[in-house]
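Student: One line per chain: the protein sequences are A and B, in this order. Its first residue numbered 1, the first sequence is counted upward by one per residue in the numbering used here. Its first residue numbered 1001, the second sequence is counted upward by one per residue in the numbering used here. Ideal Cβ placement from N, Cα and C applies to all residues, glycine included.
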Amino acid sequence: MKLVIINYGAGNIKSIQFAFKRLGVDAVLSNTPEEIVAADKIIFPGVGEASSAMKMLRESGLDELIPKLKQPVLGICLGMQLLCKSTEEGNTKGLGIFQTDVKRFSNDVKVPQMGWNVIKDLKSDLFKDIKENEYMYLVHSYYAEHCNETIAKTDYGINYASALQHKNFYGTQFHPEKSGTAGARILENFLNL
Amino acid sequence: MLTKRIIPCLDIKNGRTVKGVNFVDLRDAGDPVELAKQYADHGADELVFLDISATLEGRATVLDMVLHVAEQVNIPFTVGGGISSVEHVDALLQCGADKVSINSSAVKRPELVNELADKFGSQCVVVAIDAKKIEGEWFVHLAGGTIPTDIKLFEWAKEVEERGAGEILFTSMNHDGTKNGFANEALAKLSKELNIPIIASGGAGNVQHFIDTFVDGKSDAALAASVFHFGEIPIPDLKKELKQNNIEVRL
Chain A
1 MKLVIINYGA GNIKSIQFAF KRLGVDAVLS NTPEEIVAAD KIIFPGVGEA SSAMKMLRES
61 GLDELIPKLK QPVLGICLGM QLLCKSTEEG NTKGLGIFQT DVKRFSNDVK VPQMGWNVIK
121 DLKSDLFKDI KENEYMYLVH SYYAEHCNET IAKTDYGINY ASALQHKNFY GTQFHPEKSG
181 TAGARILENF LNL
Chain B
1001 MLTKRIIPCL DIKNGRTVKG VNFVDLRDAG DPVELAKQYA DHGADELVFL DISATLEGRA
1061 TVLDMVLHVA EQVNIPFTVG GGISSVEHVD ALLQCGADKV SINSSAVKRP ELVNELADKF
1121 GSQCVVVAID AKKIEGEWFV HLAGGTIPTD IKLFEWAKEV EERGAGEILF TSMNHDGTKN
1181 GFANEALAKL SKELNIPIIA SGGAGNVQHF IDTFVDGKSD AALAASVFHF GEIPIPDLKK
1241 ELKQNNIEVR L
């Protein structure tokens, strides 16, 4: 199993690497196209601000490479949001894999949403053996609107897509690497796809 | 629904936990990694590590500790204590910390909040505020509450929110160490005036105090140290009781 975490300068990738290490898999950090394309599984992380993350992707040419990937790709948090059509954060155009837009939470709720919330209406092998209403750790100010590709839903003021899937592309708004044993199970499921 | 969070706080000096810790099944109560794992297994929602080392060597040891915690613990954690630069935060996040907490350094140079939020995102910037109620008004205190300032709590909290803080950790000096409950009036006011999560700290003594701070204090999370370290309030029991009182928690 060759697992690559795309390293384009966005956020806390150490935690993801450690989470896979706890599952017995050594993930390689890479921004080299050859190495990414040769991987069996790919993690597309992201913490921080969307427009600057997108800029870093463009500068490294990864914005063109990622949509062409054929192996399972898991976008986490901002990584998932960047796989959408667009995001209101910095009025940024995304990679357009998931046919939905990312909006900012209204101020009727505290922003960012920070903490543990449940995921439900689970639809994907990614959630094998994960029970409905399982708790996941989330930290975000922007959310993906529902579309046909929604595979998990969460409520925070509104009901939104907390996970998406299109063909080989998966995305989770929550952080499985920080979500205890249930989160670890999701990462294991991803490895088994 | 988003749950209320229970957050044990560990004081760290030179990479070791200090203050007495009284846990069964611990080989080494001074080892922050082992304690952190135990808390995670008991259902803590997050952890805070407060570095009280005074030396540069102590700081380096904390980086090493952060790396080991990140390696072995599968819940989020915040590191605070003596953080005053973008470089220091960068190093802590690189080692796997999820958030950092800044306090006195933000008061001394408020632009630090903007710099951290711009570079790393608001979600990892916790501003800790220690305040004391003096003749009916809350004033911010520095250096672990030892140095008074003329800065008013609510104005300062609003300012750091505008500068990009993602969360406020509010400790009432009047309540800290008393075990008489949290400063719920001030907490509720913070929650009403700000639109970011508020963590209550200082005063936890029994389960009812946690219920009160979530219901009356409108707190999003509650932090405590000694009641958890000495096993006075086991976290699974606390969460069960919160749930029975219709407070949403992760069980």
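CA-CA distance, Glu35 (chain A) and Leu191 (chain A)?
Tutor: By 1-based counting over the first sequence, the position of residue 35 (chain A) is 35. By 1-based counting over the first sequence, the position of residue 191 (chain A) is 191. Approximately 18 Å, taken between the alpha carbons.
Student: Suppose the cutoff is 6 Å on Cβ atoms and the five residues either side in sequence are ignored; what does the same chain contact list for Ala39 (chain A) look like?
Tutor: Stepping through the first sequence from its first residue, residue 39 (chain A) is reached at position 39. Counting only Cβ-Cβ distances below 6 Å, and skipping sequence neighbours, we find Lys2 and Val4.
Student: Alpha carbon to alpha carbon, what distance is there between Cys1095 (chain B) and Phe127 (chain A)?
Tutor: Within the first sequence, the letter at position 127 stands for residue 127 (chain A). Within the second sequence, the letter at position 95 stands for residue 1095 (chain B). Distance between the alpha carbons of Phe127 (chain A) and Cys1095 (chain B) is about 29 Å.
Student: Between the alpha carbons of Ala1224 (chain B) and Ile97 (chain A), how many angstroms are there, rounded?
Tutor: As a working note, residue 1224 (chain B) is residue 224 in the second sequence. As a working note, residue 97 (chain A) is residue 97 in the first sequence. One C-alpha to the other measures close to 44 Å.
Student: Which runs of the beta strand (DSSP E), 3 residues or longer, sit entirely within the stretch 1139 to 1177 of chain B?
Tutor: With a minimum length of 3 residues, the continuous beta strand (DSSP E) runs that stay inside the stretch 1139 to 1177 of chain B are 1147 to 1152 and 1167 to 1172.
Student: By Cβ distance, which residues of its chain are closer than 6 Å to Val1018 (chain B), with the 5 residues on each side in sequence left out?
Tutor: Numbered from 1 along the second sequence, position 18 holds the residue referred to as residue 1018 (chain B). Excluding residues within five positions, the ones whose Cβ falls inside 6 Å are Asp1011.
Student: Assign Asp129 (chain A) to one of two classes, buried (16 or more other C-beta atoms within 10 Å of its C-beta) or exposed (fewer than that).
Tutor: As a first step, residue 129 (chain A) must be located in the first sequence, where it is residue number 129. With fewer than 16 Cβ atoms within 10 Å of its Cβ, Asp129 (chain A) is classed as exposed.
Student: Whole angstroms is fine: what's the gap from Ser15 (chain A)'s alpha carbon to Glu177 (chain A)'s?
Tutor: If you number the first sequence from 1, residue 15 (chain A) lands on position 15. If you number the first sequence from 1, residue 177 (chain A) lands on position 177. Approximately 7 Å between the Cα atoms of the pair.
Student: Between which two residues does the beta strand (DSSP E) holding Gly115 (chain A) run?
Tutor: The residue you call residue 115 (chain A) lines up with position 115 of the first sequence. Gln113 to Ile119 is the span of the beta strand (DSSP E), which, as asked, contains Gly115 (chain A).
Student: Could you confirm whether any beta carbon from chain B is found closer than 8 Å to the beta carbon of Phe18 (chain A)?
Tutor: By one-based count along the first sequence, residue 18 (chain A) stands at place 18. Taking Cβ atoms only, chain B reaches closer than 8 Å to Phe18 (chain A), which makes this a yes.
Student: Specify, as a first and last residue, the run of the alpha helix (DSSP H) that Val102 (chain A) falls within.
Tutor: Taking the first residue of the first sequence as position 1, residue 102 (chain A) is located at position 102. Per DSSP, Val102 (chain A) belongs to no alpha helix (DSSP H); it is in the beta strand (DSSP E), Phe98 to Arg104.
Student: Go ahead and pull the three-state DSSP assignment for Val1073 (chain B).
Tutor: Your numbering for residue 1073 (chain B) matches position 73 in the second sequence. It is coil, neither helix nor strand.
Student: Could you spell out the range, first to last residue, of the beta strand (DSSP E) harbouring His166 (chain A)?
Tutor: Within the first sequence, residue 166 (chain A) is the residue found at index 166, counting from 1. From DSSP, the beta strand (DSSP E) with His166 (chain A) extends over Ile158 to His166.
Student: Is there at least one Cβ from chain A nearer than 8 Å to Phe1154 (chain B)'s Cβ?
Tutor: Taking the second sequence and counting its residues from 1, one reaches residue 1154 (chain B) at position 154. It does not; no Cβ of chain A falls within 8 Å.
Student: Say whether the stretch 110 to 119 of chain A touches the stretch 72 to 87 of chain A, bearing in mind that this needs 3 or more beta-carbon pairs closer than 8 Å, one atom from each stretch.
Tutor: Segments in contact, no.
Student: Give the straight-line distance between the Cα atoms of His166 (chain A) and Leu74 (chain A), rounded to the nearest whole angstrom.
Tutor: In the first sequence, residue 166 (chain A) corresponds to position 166, counting from 1. In the first sequence, residue 74 (chain A) corresponds to position 74, counting from 1. Their backbone Cα atoms lie some 11 Å apart in a straight line.
Student: Span of the alpha helix (DSSP H) holding Leu62 (chain A)?
Tutor: As a first step, residue 62 (chain A) must be located in the first sequence, where it is residue number 62. Start and end: Leu62 to Leu65.
Student: Identify which residue in A:Gly90, A:Glu59, A:Asn148 and A:Ser106 has its Cα closest to the Cα of Gly1121 (chain B).
Tutor: For the purposes of this step, residue 1121 (chain B) is taken as the residue at position 121 of the second sequence. Here the closest residue by C-alpha is A:Gly90.
Student: How about the stretch 22 to 30 of chain A and the stretch 59 to 67 of chain A: do they share at least three Cβ pairs that are nearer than 8 Å?
Tutor: No, the stretch 22 to 30 of chain A does not touch the stretch 59 to 67 of chain A.
Student: Taking the straight line between their C-alpha atoms, what separation do you get for Gly9 (chain A) and Pro67 (chain A)?
Tutor: The residue given as residue 9 (chain A) occupies position 9 in the first sequence. The residue given as residue 67 (chain A) occupies position 67 in the first sequence. Taking the straight line from one Cα to the other gives about 19 Å.
Student: Cutting at 7 Å between CB atoms, please list the residues of its own chain near Phe1228 (chain B), excluding the five before and the five after it.
Tutor: In the second sequence, residue 1228 (chain B) corresponds to position 228, counting from 1. Excluding residues within five positions, the ones whose Cβ falls inside 7 Å are Pro1008 and Ile1235.
Student: Taking C-beta pairs closer than 8 Å, name the residues in chain B that Met80 (chain A) reaches, listed in chain order.
Tutor: As a working mapping, residue 80 (chain A) is identified with position 80 in the first sequence. Within 8 Å Cβ-Cβ: nothing; Met80 (chain A) doesn't reach chain B, min ~15 Å.
Student: Using DSSP's beta-bridge definition, name the partner residues of Ala1200 (chain B).
Tutor: As a working note, residue 1200 (chain B) is residue 200 in the second sequence. Ala1200 (chain B) pairs with B:Phe1170 and B:Ala1222.
Student: To the nearest angstrom, how far is the alpha carbon of Tyr143 (chain A) from that of Glu1135 (chain B)?
Tutor: As a working mapping, residue 143 (chain A) is identified with position 143 in the first sequence. As a working mapping, residue 1135 (chain B) is identified with position 135 in the second sequence. Distance between the alpha carbons of Tyr143 (chain A) and Glu1135 (chain B): 44 Å.
Student: Using a Cβ cut-off of 7 Å, pull out every chain B residue sitting near Asn12 (chain A), in sequence order please.
Tutor: On the first sequence, residue 12 (chain A) is found 12 positions in, with the first residue counted as 1. Going along chain B in sequence order, the residues near Asn12 (chain A) (Cβ under 7 Å) are Leu1093, Gly1096 and Asp1098.
Student: Counting Cβ pairs closer than 8 Å, one from the stretch 1068 to 1079 of chain B and one from the stretch 1108 to 1122 of chain B, do we hit at least three?
Tutor: With a cut-off of 8 Å, the stretch 1108 to 1122 of chain B and the stretch 1068 to 1079 of chain B do not count as touching, because too few Cβ pairs lie within range.
Student: Per DSSP, Ile43 (chain A) is paired with what?
Tutor: Within the first sequence, residue 43 (chain A) is the residue found at index 43, counting from 1. DSSP output for Ile43 (chain A) lists A:Ile5 and A:Leu74 as bridge partner(s).
Student: Relative to chain B, which residues along the stretch 96 to 107 of chain A have a C-beta separation below 9 Å, given in chain order?
Tutor: Residues passing the 9 Å Cβ filter: Asn107.
Student: Which stretch, first to last residue, makes up the beta strand (DSSP E) that contains Val28 (chain A)?
Tutor: The sequence position of residue 28 (chain A) within the first sequence is 28, counting from 1. First-last of the beta strand (DSSP E) with Val28 (chain A): Ala27 to Ser30.
Student: Classify Pro1234 (chain B) as helix, strand or coil using the three-state DSSP reduction.
Tutor: Along the second sequence, one-based indexing puts residue 1234 (chain B) at 234. Three-state result, Pro1234 (chain B): coil.
Student: Given that a residue counts as buried once 16 or more other Cβ atoms are within 10 Å of its Cβ, and exposed if not, what is Met1001 (chain B)?
Tutor: Taking the first residue of the second sequence as 1, we reach residue 1001 (chain B) at position 1. With fewer than 16 other Cβ atoms within 10 Å, it is exposed.
Student: Closest Cβ-Cβ distance between Phe1228 (chain B) and chain A: below 8 Å?
Tutor: For this step, residue 1228 (chain B) is matched to residue 228 along the second sequence. No, because no Cβ of chain A sits closer than 8 Å to the Cβ of Phe1228 (chain B).
Student: One question on the structure: do Thr1178 (chain B) and Gly1203 (chain B) come within less than 8 Å of each other, judged by their Cβ atoms?
Tutor: Your numbering for residue 1178 (chain B) matches position 178 in the second sequence. Your numbering for residue 1203 (chain B) matches position 203 in the second sequence. Yes, the Cβ-Cβ distance between Thr1178 (chain B) and Gly1203 (chain B) is below 8 Å.
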